[in-house]
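Everything in the sequence shown is counted per our numbering, starting at 12 for the first residue and increasing by one.
The structure under discussion appears below in the form of structure tokens.
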Amino acid sequence: MSLTSKKLFKIGITGGIGSGKSKLLEYLSTIPRIYTINLDVYGHEIYKLNPLVLRNLSTMFGKEVLNYDKSQQPMRDDILGINRLELGKQAFKNEYNLNALKSLVSPEIKRLLKESISEVENRFQDQYDVIAVEGAVLIEQKTFVMFDELWVTTLDKHDAVKRVMKRNPELSEKNINASPSKSHLSSPIKNSNAMVNKIFPLNKQVILSCRKLETGPLENYIHMATLIHKINLLLLEYENIKQLRSILQIVFSKQLLNSIIDFCMNTDHFAQFGIRLLEIMSLEFALVIAKSDAVSVIFGLLRTNDYETVVQCLSFLRVLISNSIVNEKIKASDILNKKLLVLVMKTVQKQPEIEYLACLVDIVNLVVNDKELRSQILTTVLKEDENQNIKIDYLKFLKTIESKPEIKSIRDLSKKISRQVKELEIWNNSVSK
């Protein structure tokens, strides 16, 4: 057991009665490394194990809500447990009764939940990455603040009532409608991070694929390349950046990162797939990736003549720097050292493809304010061999590129280059003075 507990990613699942919360939790339980908790089960345990709660229920709703051991011994009247059918009828009579039941049970459920989460994080941290908790009143009881994300299940009111009555024939439609946590209320939705839709089958595919990859290496690097390419394609199916960040938080791990880096180090032909996956993960975990061996791998891959690999490496550096320097704890020069910057400029100067140029201009825009790198951008000397030094004048190179007809036809790139030329001229003049 580890001496320090790992904070697992926590998902709260809530929604109206009959909206599919339990079905979603059951679905998540089939995914490896997700620990699931159903708060209804905790409620049942409280009814069994907490005599004070049982006696308070008897006082509030009458003795009919309890089951007793009515033996033949005189004065014997022990509580055996809860009469769930009768308690349900009483609780759903009106909103007051339901709130009264919650006030008795909710504090105990919250206590048990905290204890369970703490136990999983301390004793089973190596077995799980995510804890998913289902509860009908996570919003109302303010329990949702314990979670990193809140998922809300919704269902048409009429369909929800039909589902509940089929499941519990003893309840009337009037009883069900008395519940304040009906599926058509908007309050849970306002607090939610995700709605239940087609995203969940997609999440399952991504999670299973990433878990398989992090246990690698597979039989060979072709199989790994196929799996990584599949993950990249799946990640492109998310509708917005919020959904993408959510799934990245679930699947990302040091083991997965090391597996991808190992793959990129040991294969030239398929490295672009691994670098693409690192680029996507940089949207959420830029600092972790920046401090890993990923940048060193880029240094080697830029020396290859493979067009797709070089484009992907440059694109990765652009995204990594952009998402890292937002945090004031890291500078551009902490990621892109002078040698790597020189190699990037040299690579593009040798083969000024449109895609190469687009990435380079963006990279320079990101690093030009870093004092350690600015001089390298304005004037860089490269040692080709023992006898020859070649001077790269990036500003002059950029001006030459700016005049090319094929660049002028690409409006966005042309504007970026022209703007960068002017800014670098100002920098250059200030340095000369």
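Glycine residues also receive a C-beta, built at the ideal position from the N, C-alpha and C atoms.
Every value quoted in this text rests on a predicted model; they were computed, and no experiment measured them.
Using a Cβ-Cβ cut-off of 6 Å (strictly less than) and excluding sequence neighbours within five positions of A305, which residues of its own chain qualify? I272, L289
At which residues does the alpha helix (DSSP H) containing K407 begin and terminate? 405-413
Can you tell me the Cβ-Cβ gap for L259 and L224, rounded? I've got them flagged as a contact below 8 Å. With a Cβ gap of about 14 Å, L259 and L224 do not count as contacting.
Who pairs with E145 in a beta bridge, going by DSSP? I24, N49
According to DSSP, is G99 helix, strand or coil? helix
C-alpha gap between K215 and I42, whole angstroms: Looking at the two C-alpha atoms, the distance is approximately 7 Å.
Name the residue from Y318, S425, Y58, F155 whose alpha carbon lies nearest to the alpha carbon of S146. Looking at the sequence provided, one finds Gly at residue 146 rather than Ser. Nearest C-alpha to G146 among Y318, S425, Y58, F155: F155.
Y318 - DSSP class collapsed to helix/strand/coil: helix
Tell me which residue opens and which closes the beta strand (DSSP E) that E160 is part of. From DSSP, the beta strand (DSSP E) with E160 extends over 160-164.
Would you report the Cα separation of I142 and K153, rounded to the nearest angstrom? Straight-line Cα distance between these residues: approximately 18 Å.
Under a three-way DSSP split, which group does L219 fall into? helix
Nearest-angstrom beta carbon gap, G92 and K59 [assumed within contact, 8 Å]: 6 Å
For S264, which residues in the same chain have their Cβ closer than 7 Å to its Cβ, ignoring the five residues on either side in sequence? D140, E225
For Y139, does the three-state DSSP call read helix, strand or coil? coil
Within 10 angstroms of the Cβ of R270, are there 16 or more other Cβ atoms? Answer buried if so, exposed if not. A quick correction: the sequence has Ser, not Arg, at residue 270. Under this definition S270 is a buried residue.
Just reading off the alpha helix (DSSP H) that I120 is part of, what are its end residues? 106-134
Can the beta-carbon of P363 be found less than 8 Å from the beta-carbon of I300? no
Using a Cβ-Cβ cutoff of less than 7 Å, which residues in the same chain neighbour R241 once the five nearest sequence positions on both sides are dropped? Checking the sequence, you will find Lys at residue 241 rather than Arg. Around K241, the same chain offers S220 as residues with beta carbons nearer than 7 Å, after the five sequence neighbours per side are excluded.
Could you check the C-alpha separation between V321 and A343 for me, to the nearest Å? 20 Å
Using the Cβ count rule (16 or more neighbours within 10 Å means buried), how would you classify I365? exposed
So who's on the other strand from L351, going by DSSP bridges? DSSP lists no partner for L351.
Just tell me which of L389, S425, I418 has its CA closest to the CA of S441. The alpha carbon of S441 has as its nearest neighbour, out of L389, S425, I418, the alpha carbon of L389.
Beta-carbon within less than 8 Å of N94's beta-carbon, same chain only, minus the 5 sequence neighbours each way: which residues are those? E75, V76, L77, N78
Taking contact to mean at least 3 C-beta pairs separated by less than 8 Å, is the stretch 129-138 in contact with the stretch 62-71? no
Using only the alpha-carbon positions, how far apart do Q266 and G54 sit? The alpha-carbon atoms of Q266 and G54 are separated by roughly 37 Å.
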